[in-house]
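Protein chains in written order, with the numbering used here: chain A, 10 to 265; chain B, 10 to 265.
Number of protein chains: 2
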Amino acid sequence: MHTLIVHCHPEPRSFNAALRDTAARTMRALGHDVEVSDLYADGFDPVEAPRHYPCRANADVFSALVEQRHASTHATLPADVRREIARLEQADLVVFQFPVWWHAAPAMLKGWFDRVFVNGGLYTGSRRYDRGHFRGRRAICSVTTGAPAATFGPGGRSGDISLLLWPIHYSLHYMGYDVLSPVLAHGVQDAHGGYAYQDDAALAGELAAHRDTLARRLANWQTDRPLRFPGWDDWDEHGTLKPGIVGYDRYVRGCA
Amino acid sequence: MHTLIVHCHPEPRSFNAALRDTAARTMRALGHDVEVSDLYADGFDPVEAPRHYPCRANADVFSALVEQRHASTHATLPADVRREIARLEQADLVVFQFPVWWHAAPAMLKGWFDRVFVNGGLYTGSRRYDRGHFRGRRAICSVTTGAPAATFGPGGRSGDISLLLWPIHYSLHYMGYDVLSPVLAHGVQDAHGGYAYQDDAALAGELAAHRDTLARRLANWQTDRPLRFPGWDDWDEHGTLKPGIVGYDRYVRGCA
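Printed below as a string of structure tokens:
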């Protein structure tokens, strides 16, 4: 079995990096081959742009979707995108390790989605959601936040965590993944020591607890029940939810 | 009066660029000075990273929040961030023009949030939400999507647009903005001509309709009722929603 960890944090000594190492160790102990895409360390370019497509379908007007499709067909995808896709093709489980910045993933990780999940190659109009390319595989977000857990409930000050993570979870659903409920490390305050948890006994204790939680969750990666999303059977021919489908609301309100 | 348009699309002949021009023309006709931050054309760097902070508060361990705060205090913020902040300080209205990519803003625009809304300089623990730096100013997202409007309702195939835009709207609320309901141009299919609407009569007609809608909405920028978010009066001392506060759910379900 294979696990891919997509890691997004600029600081090698961060809480996030420590959790990445916990994820890698845990999955190796379970017998997995583990690969890490360390986006900052690799200098990944998160900006989808014409410069990635020297062989254009349309040299005059740039459309990301048109060029992704064309490059998929003609085997001219950028080398870094090809590398990430090869890792994804191997991975039974994908772990995303990142901090919440501005109520979402950092730009570096968002751009990984923009560039790597290529139109044509990895999805088409009919090959999405529960018919998506990666159906049967699993994905999980392991996320740090900078505020206490209590502030992330419905209407809470920091924003409902189930709403903040909804878009990235839906993107993973779009690609066919079974998405596990996220592992949340709240209150990772860089104000308390600049993420230098190594030098701070209280932070070191918090980190140890978060590491235990992550390791326990990953140990159950095959048996945990995935989050619920609507799929093809739930939509009519206009892409609208059929009457009587209730899984959707339950998910949006039930994730935190 | 001043308007800042933060524009995020790689193609100068795109639908998005045309809507940006409509926004600029509309606001100039209303007597505004209009500035455009064209993120792709300017080569904006969306990656928050150590390289932006030559004068570090902590040279050993990088924390974005710590370094933003330090650079704000010591007037060593990066030149591009200082320029964006100066534009924001002038702007009575900020218009964000972007396509939905992977259920959110493109990485280029997400990184503008990550880098420009600096800790210390533009917000602190107590200077947020309805006490935020930009309180009294207004912001609006003008957004294109690649699928029909019907698919963006609750449980719809493309994802509920009110959930997809919730994080970016909440970030604007966090900074103190009154956030107007978004202007949505659905079904902008690059598959139909690679965004080259100039060459396609049907697309040109759609674009004209979207331009009219955007111009009409912007003409009412001062009088439209902003979206509802919880604020300081709605939270207890733990940052949890007080009992009996109902505006939150109304917003989440009512935006589309």
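Virtual Cβ for every residue (Gly too), placed ideally from N, Cα, C.
- Around the beta carbon of R220 (chain B), 16 or more other beta carbons sit within 10 angstroms, so the residue counts as buried.
- Within chain B, the residues whose beta carbon sits less than 7 Å from that of V56 (chain A) are P55, A116 and M117, listed in sequence order.
- Contact residues of the region 172–183 of chain B toward chain A are L172, L173, W175, P176, I177, Y179, S180 and Y183 (C-beta to C-beta distance below 8 Å).
- A direct Cα-to-Cα measurement between H11 (chain B) and Y183 (chain B) gives close to 21 Å.
- Within chain B, the C-beta atoms nearer than 8 Å to that of S167 (chain A) come from G248, in chain order.
- With respect to the 7 Å criterion, E20 (chain A) and V70 (chain B) are classified as neighbours on the basis of their beta carbons.
- Rounded to whole angstroms, L13 (chain A) and R147 (chain A) show a C-alpha spacing of 11 Å.
- The beta carbon of P19 (chain B) sits closer than 7 Å to some beta carbon of chain A.
- Out of A:V43, A:R124, A:E93 and A:G52, the CA that lies nearest to the CA of L74 (chain A) is found in A:R124.
- Apart from the 5 residues on each side of it in sequence, R78 (chain A) sits with its Cβ closer than 6 Å to the Cβ of N128 and G129 in its chain, given in chain order.
- Within 10 angstroms of the beta-carbon of H61 (chain A) lie 16 or more other beta-carbons, which makes it buried.
- The closest CA to that of V152 (chain A), considering only A:R136, A:G164 and A:S171, is found on A:S171.
- If you check the CB distance, Y132 (chain B) and H112 (chain A) do not come in under 7 Å.
- CA-CA distance, G168 (chain A) to A194 (chain A), rounds to 15 Å.
- Following the DSSP letters along the chain, one finds D47 (chain A) in no alpha helix (DSSP H) but inside the beta strand (DSSP E) bounded by residues D42 to D47.
- Apart from sequence neighbours up to five positions away, the residues of its chain that approach Q99 (chain A) with a beta-carbon distance below 6 Å are H11, ordered along the chain.
- In the DSSP assignment, R147 (chain B) falls outside any alpha helix (DSSP H) and within the unbroken beta strand (DSSP E) covering R147 to T153.
- Contacts between H112 (chain B) and chain A, judged by CB atoms closer than 7 Å, involve P176, Y179 and S180 in chain order.
- In terms of Cβ geometry, C17 (chain B) and L97 (chain B) do not form a close pair [threshold 7 Å].
- Sorting B:G155, B:P235, B:G165 and B:A224 by C-alpha distance to the C-alpha of D242 (chain A) places B:G165 at the top.
- Put simply, the region 221–228 of chain A touches the region 24–44 of chain A. At least three CB pairs are less than 8 Å apart.
- D243 (chain A) carries a helical assignment under DSSP once its states are collapsed to helix, strand and coil.
- Residues of the same chain with a CB within less than 6 Å of the CB of I149 (chain B), apart from the 5 flanking positions on each side, are V104 and L189 in chain order.
- Its Cα nearest to that of D233 (chain B), the residue B:D187 stands out among B:S135, B:D187 and B:E57.
- Using a Cβ-Cβ cut-off of 9 Å, G196 (chain B) is close to nothing in chain A; its nearest Cβ partner there is about 11 Å away.
- A distance below 7 Å separates the beta carbons of A80 (chain A) and L86 (chain A).
- In this structure G185 (chain A) is not in contact with P157 (chain A), their Cβ atoms being roughly 35 Å apart against a cut-off of 8 Å.
- Under DSSP, A27 (chain A) shares a beta bridge with no residue.
- Beta-bridge partners assigned by DSSP to A113 (chain B): B:W110.
- Less than 7 Å separates the beta-carbon of R37 (chain B) from that of V43 (chain B).
- A Cβ-Cβ separation of about 6 Å places L48 (chain A) in contact with W121 (chain A) under the 8 Å criterion.
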